[in-house]
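Q: Protein sequences, first through last, are from chains A, B, C and D.
Taking full-length UniProt numbering, the leading residue of the first sequence gets 1, the next gets one more, and so forth.
Taking full-length UniProt numbering, the leading residue of the second sequence gets 1, the next gets one more, and so forth.
Taking full-length UniProt numbering, the leading residue of the third sequence gets 1, the next gets one more, and so forth.
Taking full-length UniProt numbering, the leading residue of the fourth sequence gets 1, the next gets one more, and so forth.
Cβ atoms here follow ideal geometry from the backbone N, Cα and C, with glycine treated the same way.
Source: prediction; values computed, not measured.
4 protein chains.
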Amino acid sequence: MTVRAAVAGASGYAGGEVLRLLLGHPEVEIGELTGNSNAGQSLGVLQPHLRALAERVLAPTSIERLAGHDVVFLALPHGQSAEVARELGPDVTVIDCGADFRLRDKADWEAFYGSPHAGAWPYGLPELPGGRDALRGSKRIAVPGCYPTAVSLALFPAYAAGLVEPEAVIVAASGTSGAGKAAKPHLLGSEVMGSMSPYGVGGVHRHTPEMIQNLSAVAGERVSVSFTPTLAPMPRGILATCSARTRPGVSAADARAAYEQALRDEPFVRLLPEGQWPATSAVYGANTALLQLAHDPAAGRLIVISAIDNLTKGTAGGAVQSMNVALGFPEGLGLSTAGVAP
Amino acid sequence: MTVRAAVAGASGYAGGEVLRLLLGHPEVEIGELTGNSNAGQSLGVLQPHLRALAERVLAPTSIERLAGHDVVFLALPHGQSAEVARELGPDVTVIDCGADFRLRDKADWEAFYGSPHAGAWPYGLPELPGGRDALRGSKRIAVPGCYPTAVSLALFPAYAAGLVEPEAVIVAASGTSGAGKAAKPHLLGSEVMGSMSPYGVGGVHRHTPEMIQNLSAVAGERVSVSFTPTLAPMPRGILATCSARTRPGVSAADARAAYEQALRDEPFVRLLPEGQWPATSAVYGANTALLQLAHDPAAGRLIVISAIDNLTKGTAGGAVQSMNVALGFPEGLGLSTAGVAP
Amino acid sequence: MTVRAAVAGASGYAGGEVLRLLLGHPEVEIGELTGNSNAGQSLGVLQPHLRALAERVLAPTSIERLAGHDVVFLALPHGQSAEVARELGPDVTVIDCGADFRLRDKADWEAFYGSPHAGAWPYGLPELPGGRDALRGSKRIAVPGCYPTAVSLALFPAYAAGLVEPEAVIVAASGTSGAGKAAKPHLLGSEVMGSMSPYGVGGVHRHTPEMIQNLSAVAGERVSVSFTPTLAPMPRGILATCSARTRPGVSAADARAAYEQALRDEPFVRLLPEGQWPATSAVYGANTALLQLAHDPAAGRLIVISAIDNLTKGTAGGAVQSMNVALGFPEGLGLSTAGVAP
Amino acid sequence: MTVRAAVAGASGYAGGEVLRLLLGHPEVEIGELTGNSNAGQSLGVLQPHLRALAERVLAPTSIERLAGHDVVFLALPHGQSAEVARELGPDVTVIDCGADFRLRDKADWEAFYGSPHAGAWPYGLPELPGGRDALRGSKRIAVPGCYPTAVSLALFPAYAAGLVEPEAVIVAASGTSGAGKAAKPHLLGSEVMGSMSPYGVGGVHRHTPEMIQNLSAVAGERVSVSFTPTLAPMPRGILATCSARTRPGVSAADARAAYEQALRDEPFVRLLPEGQWPATSAVYGANTALLQLAHDPAAGRLIVISAIDNLTKGTAGGAVQSMNVALGFPEGLGLSTAGVAP
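(1) Since residue 229 (chain C) is in the beta strand (DSSP E), which residue starts that stretch and which ends it?
(2) For residue 270 (chain A), which residues in chain B fall below 7 Å Cβ to Cβ?
(3) Taking all protein chains shown into account, decide if residue 96 (chain A) is buried (16 or more other Cβ within 10 angstroms of its Cβ) or exposed.
(4) Is residue 196 (chain A) close to chain D, meaning its C-beta is less than 7 Å from at least one C-beta of that chain?
(5) What residues from chain B crowd round residue 308 (chain D), counting only those whose CB sits closer than 8 Å?
(6) Below 8 Å on C-beta distance, what does residue 192 (chain B) contact in chain C?
(7) Residue 198 (chain C) bridges to which residues according to DSSP?
(8) Does residue 265 (chain B) pass the burial test, meaning 16 or more other C-beta atoms within 10 Å, or should it be called exposed?
(9) Shorter than 7 Å from the beta carbon of residue 48 (chain B) to some beta carbon of chain A?
(10) Within the 7 Å Cβ cut-off, does residue 282 (chain A) reach chain B?
(11) Decide if residue 30 (chain C) is buried, meaning its Cβ has at least 16 other Cβ atoms within 10 Å, or exposed.
(12) Taking C-beta to C-beta, are residue 211 (chain C) and residue 151 (chain C) nearer than 7 Å?
(13) Name the chain D residues whose beta carbon is nearer than 7 Å to that of residue 177 (chain A)?
(14) With 7 Å as the threshold, decide whether the Cβ of residue 171 (chain B) is near any Cβ in chain D.
(15) Beta carbons nearer than 9 Å to chain B: which residues of the region 216 to 243 of chain A have them?
(16) So, is the C-beta of residue 2 (chain A) closer than 7 Å to a C-beta in chain B?
(17) Looking at the unbroken beta strand (DSSP E) that takes in residue 166 (chain D), where does it start and where does it end?
(18) Is residue 185 (chain C) close to chain B, meaning its C-beta is less than 7 Å from at least one C-beta of that chain?
(19) So which residues on chain D does residue 288 (chain C) lean against when the C-beta distance must stay under 8 Å?
(20) Shortest alpha-carbon distance to residue 342 (chain D) belongs to which of C:22, C:298, C:142 and C:50?
(21) When you compare each of A:168, A:235 and A:222 to residue 284 (chain A) by their alpha carbons, which one comes out closest?
(22) Which class does residue 140 (chain A) belong to by DSSP, given the choice of helix, strand or coil?
(23) Which partner residues of residue 35 (chain B) appear in the DSSP bridge assignment?
(24) What residues match up with residue 242 (chain C) in a beta bridge as DSSP calls it?
(25) When you check each C-beta in the region 80 to 104 of chain A against every C-beta of chain C, which residues fall closer than 8 Å?
(26) On the three-state DSSP scale, how would you describe residue 49 (chain B)?
(27) Taking only beta-carbon atoms, is residue 341 (chain B) less than 7 Å away from chain A?
(28) With C-beta atoms as the reference, is residue 27 (chain B) less than 7 Å away from residue 2 (chain B)?
(29) Across the region 175 to 193 of chain D and the region 184 to 203 of chain A, are there enough close Cβ pairs to call them in contact, namely three or more that are closer than 8 Å?
(30) Residues in the region 149 to 160 of chain B with C-beta within 9 Å of chain D's C-beta atoms, listed in sequence order?
(31) Answer yes if the region 5 to 19 of chain D comes into contact with the region 302 to 311 of chain C, meaning at least three C-beta pairs across the two stretches below 8 Å, and no otherwise.
(32) What does residue 201 (chain A) reach in chain C if we use C-beta pairs closer than 9 Å?
(33) I think residue 233 (chain D) touches residue 232 (chain B), with their Cβ atoms under 8 Å apart; what is that distance to the nearest whole Å?
(34) How many whole angstroms separate the CB atoms of residue 223 (chain D) and residue 123 (chain D), which I take to be in contact at a CB cut-off of 8 Å?
(35) Kindly list the residues whose CB is nearer than 7 Å to the CB of residue 315 (chain B), restricted to its own chain and excluding five residues on each side of it in sequence; keep chain order.
(36) Is residue 299 (chain C) close to chain A? Criterion is C-beta to C-beta, closer than 7 Å.
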């Protein structure tokens, strides 16, 4: 069963990565590609790495263009997905790479996004407990944020097994593509090469409530999250360092066993052998999340580190994986676990 | 027809890239993987980006291990391929990613490599005139050097059409993976990040006679090559800036027409639309070579610039493409024209 | 009063940075330069960026060579400083850039370094409470580790003012020069460019007890530290993200006031204006530490972020600054607060 | 004799580097700092690496603000310097970091800049034959372009000694700061990291006629230049690979002797010892140009490679060096030959 898929927002980084993956997906035919300010330009100019689409020209984003596809990927600025989804009707599988339908809590949404809450869709992280069930057959998918993907995969086994206290401290480094393709002075190569810098410090980053939502659901109690994102001098990748106090009596072996159990059958999340730590280079362009953990008895904390590609597993790969689950395709169809390294 | 392929030298950068591509090749089953100093170690440690092979363990390189495969890829240090190939026998398709069988001229070989000449095999650059014919059905393939790939693709149409004088000047920038995985102080990240530096200047780089061989064959006369390689602060990619004096009466339009004609049916070599220049990022992990040219009437030169991924089109991709031709598979099987960008 | 200074270990990154700073120090004349494996080589080859010393040749490290100087900088592998210092006698100002004399606790030393404890010298972080007094007139100085410098400067005002609980969680990203100049495969440019990776996770990094020592001294109680270092794709710089639970009743304004008070007269540590966050690029080659803080009321934590150059303020700059204090020079002599940016 | 210097265009990369150097210049007091779109903002925000100037606020660029200084550095967009210089009067030393007064040939100017020719000022490259004489006492200085600095220093000894034919082929790699601080999509970190790309190919880059002017003046005949600039993934630095056919009978030894002779007394231009090649990292933030050459007898060419920091020797350092010559200060005052490495 081949499906025809449109991509709205095909000129940005998320849209480009969706297209890169769809080009290798045996059951997807790429349909209409749309954009706003870049409408009328060719993909050859906008996404010069996608040679097979070089002759395709971006249409303006409109319901007319997107209708008639089996699947529509939305890679739009926040706030634009709700209307498009409504007009496309309930039979089209709509996969929103933006934030609009990620948060279930209206107050959280309003506090962090400052606009009316559009609701919540089934959440595109199949690895979370119950994640696949929620996605199977769904016609609407909210693709997780890149940081929440890295952090939720790193910590859900700990909260599922009750290993740690409900106060997580997370510091994550992201490649610059996470900040998008709009030209801003602080994102210039001259500024970012050779430099690490933080942003959105102190609980104000919009991905914070999404992490809290995911971890609290697994823990069965409210988990507080101190989240600090930093910008790293690399195009892609997230390295998330996550820690929390271990509950009394929890040992390193307990932790390891819980993670092995939780991840045993996951095709895209791997706990590395002891002694080996994840590097973002190992997941460059891959849909894999690599994990490793350590117990620090002196500090009384469990530290879990995950590495993902923010554009692949963190965005487009997660979207395609969730589409596969929703449509009944093999979950890994069109997705690679091989990174491009070195 | 599925073939079984072994890789000798599977712990290095070339071997790793061969494996990455073979993992996505529908007609290849990955057989034995061998190494020397790393024998006994798992691929999970040696090539952490190749998750699907993480449990595989490197065997010592030996004829016993390599025999019995349909195809053997050699990613060995210079000078080790001849003996392996001889012992494997004439029925095994042997694809040498090293230099041993690239040069037809004994004196060139001895001057640049300082060891006895082993001979020359069919040359794995299908795009050269007559290239595919030489490869079809061949049981031996000499994969071109990465620089000669970038340079020969950039200049062969000019020499085939008689556009330029037989004196080429080439300056190329390469990512550091071209220098291999052996730890040397000048290749440390601390040394290469933020720095450009030349090496092998003055006609002494071993890829020089290979370029001369390729271009002279096309030109039908001896072409001299001034070649300067430089090391660029990036893991992958070659940007080759190639120029030569235009012959009297040759116009920019003539040059463009000749290139369009020569590359019209090539699946992996693209002349970009006028005004667009190649960037190595657009071919990251792809088997594509992107070209653009300009005529400088004041200087009287044609400048042609090519971008490839040194490990893909420049090594492992070229090897797989040539294998496809040799074995009668579709030439692009298992190879992507989509780069991983940004 | 001009002093004559020798540098033992002049071929490494720490030694090179000491020399770069001494070249600009108006009261220091550079004397003997020594090394071990590189003895006999010229600085022009070993430190090609130090043109003014290009003709100087490294002598073998020996007491004979080092004796007779007013000041001796030791940039040696761990464990070699004690004997050198003993033999040099009490009149020579010995400044150890290594770890040998940093830790006051014998058990800590043995647990983390696995060798006999050599003792502790006055600690070269003048900004700590009492720091300058301990250094003034001292003939022995233990230069702090790069991470402890970044972390102690970030958190000492919080502990001095009793703002936070004695459990700090620290994640720091370091440029690759922190790992030294010895060629190791995982430090190759091909491996580190485009990649973030952790190491020494779980309380095992040797800088951990040094942080605990510094913060506990300021807090007046044992402070636990969960420290995770990560390797970032840049040659220099440390970005340290430090946090701890705020004590009841502590507000953002309290925290800001305490930091402004603590740092008011510090020439090399700056709390940035609200809204501006430190970037390592801003301190490239400078002796400055830039700080910013945020209070996260939902998570109940104070987050303090510091940026330093690991080789300058984190090693050689701290060494020269401490030498200035010890010898009675103006503290900032030969040190710049201007980074090389972009 | 201390002079007071203003900087117009203090928010850009060139202006920032001028300020970094002036902060270390013992005979310059920094006066007014002006900008256009950034007027009213503090240097602390605009140039966060210049801590000593953090409290200074940018004034709007106007004659009133600039008048009354001994020296005015102009780091303005092309075309704005002429009027400012005229109004400042003949007693002020005006140093133009822009292009307006570099070209002596009216037709060249109009062809490459498309605006009326403003004339030519003494050229701020003291190392060229007669360069210092032209600058001594001058109240107007045209600072060379960054590429022409690297190329002219590399090739002037060859043309002065008649070693090569008057057809130079140059390929240069530049760090991204050469493209300025204005936010453009193709200069985003996501785009430039991990990528090499050319621009201005085919003789159309504006620095081409400046190179021709310099080399022709030295050669005493018209020198043609084929110049290809490329953008490298690093913030700073230019590596220029320059070559030309050797004249009959010229040997490698001749070439080396000519360069040693020409550069013998130059404080900022060094021919490296044989076998050592320049790297841009070695001149990071330094005013040094490092050179090395090779003779390729097979190709019949002399290859000369130079490395500079485009912002230091290539812009601000050249400006300060020329100011020193013009005002009678020691030529190297406030300038360092020590790069910040690694």
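A: Reading from the atomic positions:
(1) 224 to 231
(2) Among the residues of chain B, those whose CB is under 7 Å from the CB of residue 270 (chain A) are 51, following chain order.
(3) By the neighbour-count rule (16 or more Cβ atoms within 10 Å), residue 96 (chain A) is buried.
(4) no
(5) Under the 8 Å cutoff, chain B gives no residues; its nearest Cβ is about 11 Å from residue 308 (chain D).
(6) Neighbours of residue 192 (chain B) on chain C, chain order: 189 and 193.
(7) When DSSP reads this structure, residue 198 (chain C) sits in a beta bridge with C:230.
(8) exposed
(9) yes
(10) yes
(11) buried
(12) yes
(13) 190
(14) yes
(15) 233, 235 and 236
(16) No, no contact with chain B.
(17) 164 to 174
(18) yes
(19) Here the neighbours are 51.
(20) If you compare the alpha carbons of C:22, C:298, C:142 and C:50 with that of residue 342 (chain D), the shortest gap goes to C:50.
(21) A:235
(22) strand
(23) B:60
(24) Secondary-structure assignment with DSSP links residue 242 (chain C) through a beta bridge to C:170 and C:304.
(25) Result list empty, no residue passes.
(26) coil
(27) At a cut-off of 7 Å, the C-beta of residue 341 (chain B) has a neighbouring C-beta in chain A.
(28) Less than 7 Å divides the Cβ of residue 27 (chain B) from the Cβ of residue 2 (chain B).
(29) As far as the Cβ criterion goes, the region 175 to 193 of chain D touches the region 184 to 203 of chain A, which means the pair count is three or higher.
(30) Under the 9 Å Cβ criterion, the region 149 to 160 of chain B contributes no residue.
(31) Touching, no.
(32) The answer, in chain order, is 241, 277, 292, 293, 294, 296, 303 and 305.
(33) 7 Å
(34) That belief does not hold up - the Cβ atoms of residue 223 (chain D) and residue 123 (chain D) are roughly 16 Å apart, past 8 Å.
(35) The residues are 14, 17, 97, 143 and 146.
(36) True, the Cβ-Cβ gap to chain A drops below 7 Å.
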